[in-house]
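Asks: Sharing a structure, written as structure tokens. Questions coming.
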Amino acid sequence: MSLNIEDVHKVARLARLAMTEQEAQAAHIQLANIFGLIADMQAVDTKGITPMSHAQDVSQRLREDVVTETNQRELFQSIASQVEAGLYLVPQVIE
Amino acid sequence: MLHKTFVRAPEWEIVIGLEVHTQLSTSSKIFSGASTTYGAEPNTQADAVSIALPGVLPVLNKGAVERAIKFGLAVGAHIAPRSVFARKNYFYPDLPKGYQISQFDLPVVGQGALTIQVEPLSGNGKSYEKVVRITRAHLEEDAGKSLHEDFHGMTGIDLNRAGTPLLEIVSEPDMRSAAEAVAYAKTLHSLVRWIGICDGNMQEGSFRCDANVSVRRPGAALGTRREIKNLNSFKFMQQAIEYEAQWQIDTLENGGKIHQATVLFDSDKCETRAMRSKEEAHDYRYFPDPDLLPLDISPQWIEEVRATLPELPEAKRARYVSELGLSTYDADILTGSREMAGFFEAALTSLTPIPSPAGGRGEQAKLCANWLIGEVSAQLNRDGLDMVQCPISARQLGGMLKRIADSTISNAGAKEVFRTMWSEGGDADAIIEAKGLKQVSDSGAIEKLVDEIIAANPAQVAEYRSGKEKVFGFFVGLAMKASKGKANPAQLNEILKLKLTK
Numbered sequence: 066m067s068l069n070i071e072d073v074h075k076v077a078r079l080a081r082l083a084m085t086e087q088e089a090q091a092a093h094i095q096l097a098n099i100f101g102l103i104a105d106m107q108a109v110d111t112k113g114i115t116p117m118s119h120a121q122d123v124s125q126r127l128r129e130d131v132v133t134e135t136n137q138r139e140l141f142q143s144i145a146s147q148v149e150a151g152l153y154l155v156p157q158v159i160e
Numbered sequence: 006m007l008h009k010t011f012v013r014a015p016e017w018e019i020v021i022g023l024e025v026h027t028q029l030s031t032s033s034k035i036f037s038g039a040s041t042t043y044g045a046e047p048n049t050q051a052d053a054v055s056i057a058l059p060g061v062l063p064v065l066n067k068g069a070v071e072r073a074i075k076f077g078l079a080v081g082a083h084i085a086p087r088s089v090f091a092r093k094n095y096f097y098p099d100l101p102k103g104y105q106i107s108q109f110d111l112p113v114v115g116q117g118a119l120t121i122q123v124e125p126l127s128g129n130g131k132s133y134e135k136v137v138r139i140t141r142a143h144l145e146e147d148a149g150k151s152l153h154e155d156f157h158g159m160t161g162i163d164l165n166r167a168g169t170p171l172l173e174i175v176s177e178p179d180m181r182s183a184a185e186a187v188a189y190a191k192t193l194h195s196l197v198r199w200i201g202i203c204d205g206n207m208q209e210g211s212f213r214c215d216a217n218v219s220v221r222r223p224g225a226a227l228g229t230r231r232e233i234k235n236l237n238s239f240k241f242m243q244q245a246i247e248y249e250a251q252w253q254i255d256t257l258e259n260g261g262k263i264h265q266a267t268v269l270f271d272s273d274k275c276e277t278r279a280m281r282s283k284e285e286a287h288d289y290r291y292f293p294d295p296d297l298l299p300l301d302i303s304p305q306w307i308e309e310v311r312a313t314l315p316e317l318p319e320a321k322r323a324r325y326v327s328e329l330g331l332s333t334y335d336a337d338i339l340t341g342s343r344e345m346a347g348f349f350e351a352a353l354t355s356l357t358p359i360p361s362p363a364g365g366r367g368e369q370a371k372l373c374a375n376w377l378i379g380e381v382s383a384q385l386n387r388d389g390l391d392m393v394q395c396p397i398s399a400r401q402l403g404g405m406l407k408r409i410a411d412s413t414i415s416n417a418g419a420k421e422v423f424r425t426m427w428s429e430g431g432d433a434d435a436i437i438e439a440k441g442l443k444q445v446s447d448s449g450a451i452e453k454l455v456d457e458i459i460a461a462n463p464a465q466v467a468e469y470r471s472g473k474e475k476v477f478g479f480f481v482g483l484a485m486k487a488s489k490g491k492a493n494p495a496q497l498n499e500i501l502k503l504k505l506t507k
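Chains as they are written, first to last, in our numbering: chain A, 66 to 160; chain B, 6 to 507.
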């Protein structure tokens, strides 16, 4: 699979990253290298092997369904840029 | 005769699939120990994980997984021995991480099925049964809430709901009308409440439906679908699907094309409208969440959960029909909620503590069903109560039904007992005693009363005897009045008829 410069721009847009043309070119080269690495891995015969979904072969530990957190709104909101009536305020978003 | 052939366009077929988000009834969130109680002050239940402070890690709630397993078992689905959480990436302020933790290619619940009873929404069609296939159900976290009221041109964000566990239940596109979609949604709604995994409160958003609607000529490939988002009542679901399907049919018949889109239902105007959606909005770039390990579910755990499952509504419904001889209609209503079924069974048990031969029990089951579906439901409705808040206990109702069954009280008397019980409490026997509602079944006393009435109304007697049988009601009325409503109606009718024709 090869990556073109349009793909780089698209991914940047989806990730909300502003990129100059120069930065995009640099990212293109870096990403293409990663794709090369993936291609190498995909060339290995993995027939009959269940893919791992995590780097460590262990399973998820579970937590009992118990409320352990207390209200720390004041503390958390002390670093928010704008709050009102207990709400975090953000630039208007209406779809 | 010349045979004229009309070329009639084949009918359109509507195809519907539903995605339902059920909020699981855990005490704490899916990935943290923050409370999920509804209606708290904004952000007081938004802990470090809910607001996505850097460095926090999710830890999966066992209670959420248990509820997912319970659901899977209830719809006969395969429970994945290993499932995986994935990140669904998109930007929105009520999703502070920039991704929602969900499941993608390895969901916890696989294919299952739900049997539904479809009541036609209009016309004189008959109700029928249908099996709707469930594609999958997966665990995910809910987002927060955006409040667009005016905060000086800004939007307020409440993250209390962020991280609330959801089970998203996806159906196959098996439904062919709004009636079928509504029947499926209602059955699912009653099932999740029945097995206790979701409170089903639609106003509070605990049960949210999205409908994928497309139309096609029968036998043709599936048409392009449009997704109606956030249907929060069954009535809106019906209206939205009917409008949307008609809109698609009109568009196609006028030579137009359907483009895949997400639409919202405007309940004031009763129409669906496409949301303005940006290009690439649906490129979620799912990938396995490195913060979470695969979820292992052992066969032993599945069996433990299975042991906690109550008798399911479908099995109960079938049993009511086969064992108690109830109609499918009655059985359907009685199994509409676990509370209703529980009440019915408790009332029937106190009415007949020892199961009598099938026939007798069937009659009593019918009596019990009639009162529950009739008087009790009507009164609950009128007072805006639900079954759990019913002021009359099943034992009280059973006690009263026993007195109807053994003819101690008439139906009219029973209604009075019922009213008194409802408002003042007390058991049936005490009320019957205090109000003197015991019906007169002494034939001597009834005969005496009838004789007096016949003697006092010679004109009406003559009318009756000349063939005006309508006057019969007049005599019944007088006799009931004279007995203060206590005469056994069947007996009274019999004696009256006998004496009048003499």
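Cβ coordinates follow ideal geometry from the N, Cα and C atoms, glycine included.
No experiment lies behind these values; they were computed from the predicted model shown.
I'd like to check one pair, P101/B with A45/B: are the Cβ atoms closer than 9 Å?
Replies: The sequence position of residue 45/B within the second sequence is 40, counting from 1. The sequence position of residue 101/B within the second sequence is 96, counting from 1. Taking 9 Å as the Cβ cut-off, A45/B and P101/B do not qualify as a contacting pair.
Asks: Once you ignore the five residues that flank Y43/B on each side, which residues in its own chain have a CB closer than 6 Å to its CB?
Replies: As a position in the second sequence, residue 43/B is number 38, starting the count at 1. Within the same chain, Y43/B has close Cβ partners E209.
Asks: With a threshold of 6 Å on Cβ separation, who are the neighbours of T27/B within its own chain once the five nearest residues in sequence on each side are excluded?
Replies: Counting from one through the second sequence, the residue named residue 27/B turns up at place 22. Around T27/B: L172, V197, C203 and F212.
Asks: For a contact meaning CB atoms closer than 7 Å, what does I56/B contact in chain A?
Replies: Locating residue 56/B in the second sequence gives position 51, where the first residue counts as 1. Per Cβ cutoff of 7 Å: F141.
Asks: Let me know the secondary structure DSSP gives H83/B once reduced to three states.
Replies: For the purposes of this step, residue 83/B is identified with residue 78 of the second sequence, where counting begins at 1. Coil, per DSSP.
Asks: Could you name the residues of chain B that L152/A contacts, counting a contact when the two beta carbons are closer than 8 Å?
Replies: Here residue 152/A corresponds to residue number 87 of the first sequence, with the count starting at 1. Within chain B, the residues near L152/A are P47, N48, L152, F156, G161, I162 and D163.
Asks: Out of curiosity, what's the CA-to-CA distance linking L390/B and S40/B?
Replies: Residue 390/B sits at position 385 when you count from the first residue of the second sequence. Residue 40/B sits at position 35 when you count from the first residue of the second sequence. Roughly 28 Å between the two C-alpha positions.
Asks: Is it the case that the region 127-146 of chain A contacts the region 61-69 of chain B, given that we only count it when at least three CB pairs across the two stretches are under 8 Å?
Replies: The answer is yes - the region 127-146 of chain A touches the region 61-69 of chain B, with three or more Cβ pairs under 8 Å.
Asks: Using C-beta distances below 6 Å, list every residue in its chain close to R343/B, excluding the 5 sequence neighbours before and after it, in chain order.
Replies: By one-based count along the second sequence, residue 343/B stands at place 338. If we look at R343/B and ignore the five residues flanking it on each side, its Cβ neighbours are W199.
Asks: Which of the three DSSP states is assigned to C510/B in this structure?
Replies: Outside the shown range of chain B (6 to 507) lies residue 510/B, about which nothing can therefore be said.
Asks: So, at 6 Å on beta carbons, what are the nonlocal neighbours of S32/B in its own chain, with the 5 sequence-adjacent residues on each side left out?
Replies: Taking the first residue of the second sequence as position 1, residue 32/B is located at position 27. Result list for S32/B: empty, nothing under 6 Å.
Asks: Go ahead and label E284/B buried or exposed: buried means 16 or more other beta carbons lie within 10 angstroms of its beta carbon, across all protein chains shown.
Replies: Numbered from its first residue, the second sequence carries residue 284/B at position 279. A caution first: E284/B carries a pLDDT of 48, below 50, which makes its placement in the model unreliable, though a value can still be read off. Answer is exposed; the Cβ neighbour count stays below 16.
Asks: Below 8 Å, is the gap between the Cβ of K502/B and the nearest heavy atom of the ligand NAP?
Replies: Although the ligand NAP was asked about, the structure shown includes no ligands whatsoever.
Asks: List the residues of chain A that G68/B touches, going by C-beta distances under 7 Å, in chain order.
Replies: Along the second sequence, read from residue 1 onward, the residue named residue 68/B stands at position 63. In chain order: D130.
Asks: Does N94/B get closer than 9 Å to chain A when you measure Cβ to Cβ?
Replies: Numbered from its first residue, the second sequence carries residue 94/B at position 89. It does; some Cβ of chain A falls within 9 Å.
Asks: Taking its Cβ as the centre, do 16 or more other Cβ atoms sit within 10 Å of D335/B, making it buried, or is it exposed?
Replies: In the second sequence, counting from the first residue as 1, residue 335/B sits at position 330. Classification for D335/B: buried.
Asks: Listing by chain order, which chain B residues have their CB less than 9 Å from the CB of S124/A?
Replies: Here residue 124/A refers to the residue found at position 59 of the first sequence. Within chain B, the residues near S124/A are R87, L298, P299, L300 and D301.
Asks: In the DSSP output, which residue or residues are listed as bridge partners for S33/B?
Replies: In the second sequence, the residue the question calls residue 33/B occupies position 28. Answer is S40/B.
Asks: Determine whether the Cβ of V96/A lies closer than 9 Å to any Cβ atom of chain B.
Replies: Counting from one through the first sequence, the residue named residue 96/A turns up at place 31. With the sequence shown as reference, residue 96/A is identified as Leu, and Val is not the correct amino acid for it. So no, L96/A is outside the interface.
Asks: Can you tell me whether E145/B is buried or exposed? The criterion is at least 16 other CB atoms within 10 Å of its CB, across all chains shown.
Replies: The residue given as residue 145/B occupies position 140 in the second sequence. Looking at its Cβ environment, which holds 16 or more other Cβ atoms inside 10 Å, E145/B is buried.
Asks: Just to confirm the assignment: which complete alpha helix (DSSP H) runs, minimum length 4, are found wholly within the region 304-355 of chain B?
Replies: Here the runs fully enclosed are 304-312, 318-329 and 333-339.
Asks: Please check if any C-beta of chain B sits within less than 9 Å of the C-beta of E71/A.
Replies: Taking the first sequence and counting its residues from 1, one reaches residue 71/A at position 6. E71/A does not count as touching chain B.
Asks: With a threshold of 9 Å between beta carbons, is A148/B in contact with chain A?
Replies: For this step, residue 148/B is matched to residue 143 along the second sequence. False, the Cβ-Cβ gap to chain A never drops below 9 Å.
Asks: Apart from the five residues just before and just after T192/B, which ones in its own chain have a Cβ nearer than 7 Å to its Cβ?
Replies: Residue 192/B sits at position 187 when you count from the first residue of the second sequence. The residues are L119 and I121.
Asks: Could you give the residue range of the beta strand (DSSP E) that holds V137/B?
Replies: Along the second sequence, one-based indexing puts residue 137/B at 132. Where V137/B is concerned, the enclosing beta strand (DSSP E) stretches over Y133 to E146.
Asks: Apart from the five residues on each side of it in sequence, which residues of its chain come closer than 7 Å, Cβ to Cβ, to R138/A?
Replies: As a working note, residue 138/A is residue 73 in the first sequence. Answer for R138/A: G151, listed in chain order.
Asks: Of all the residues that make up the region 109-129 of chain B, which are near chain A by a beta-carbon distance shorter than 8 Å?
Replies: The residues in question are L111.
Asks: Which residues of chain A have a Cβ atom closer than 8 Å to the Cβ of D215/B, listed in chain order?
Replies: Locating residue 215/B in the second sequence gives position 210, counting from the first residue. Those within 8 Å of D215/B in chain A number zero; the least Cβ separation is about 15 Å.
Asks: Of all the options L236/B, R222/B, F76/B and G201/B, which has the alpha carbon lying nearest to the alpha carbon of D215/B?
Replies: Locating residue 215/B in the second sequence gives position 210, where the first residue counts as 1. Among L236/B, R222/B, F76/B and G201/B, the Cα nearest to that of D215/B belongs to L236/B.
Asks: Determine contact between the region 80-99 of chain B and the region 141-160 of chain B, defined as no fewer than three beta-carbon pairs at a distance below 8 Å.
Replies: Touching, yes.
Asks: Under 8 Å by Cβ, that's how I've got R87/B and Y291/B pegged, so tell me the actual separation to the nearest angstrom.
Replies: The residue labelled residue 87/B in the question sits at position 82 within the second sequence. The residue labelled residue 291/B in the question sits at position 286 within the second sequence. 17 Å between Cβ atoms; not a contact.
Asks: With DSSP as the reference, label S22/A as helix, strand or coil.
Replies: Because residue 22/A is not part of the residues shown, which for chain A are 66 to 160, the question remains open.
Asks: From E380/B, V381/B, L356/B and G379/B, pick the residue whose C-alpha is nearest to that of A370/B; which is it?
Replies: Reading the second sequence from its first residue, position 365 is the one you call residue 370/B. Out of E380/B, V381/B, L356/B and G379/B, L356/B has the C-alpha closest to the C-alpha of A370/B.
Asks: Just to confirm, are H143/B and V175/B a CB contact at a threshold of 9 Å?
Replies: Looking up residue 143/B in the second sequence gives position 138. Looking up residue 175/B in the second sequence gives position 170. Going by C-beta atoms, H143/B is nearer than 9 Å to V175/B.
Asks: Whose CA, out of I19/B, E457/B, E154/B and K135/B, lies closest to the CA of A183/B?
Replies: On the second sequence, position 178 is the one that residue 183/B refers to. It is I19/B.
Asks: Exposed or buried, Y189/B, counting other C-beta atoms within 10 Å across all chains shown (16 or more means buried)?
Replies: Here residue 189/B is taken as the residue at index 184 of the second sequence, counted from 1. Y189/B is buried by the Cβ-count criterion.
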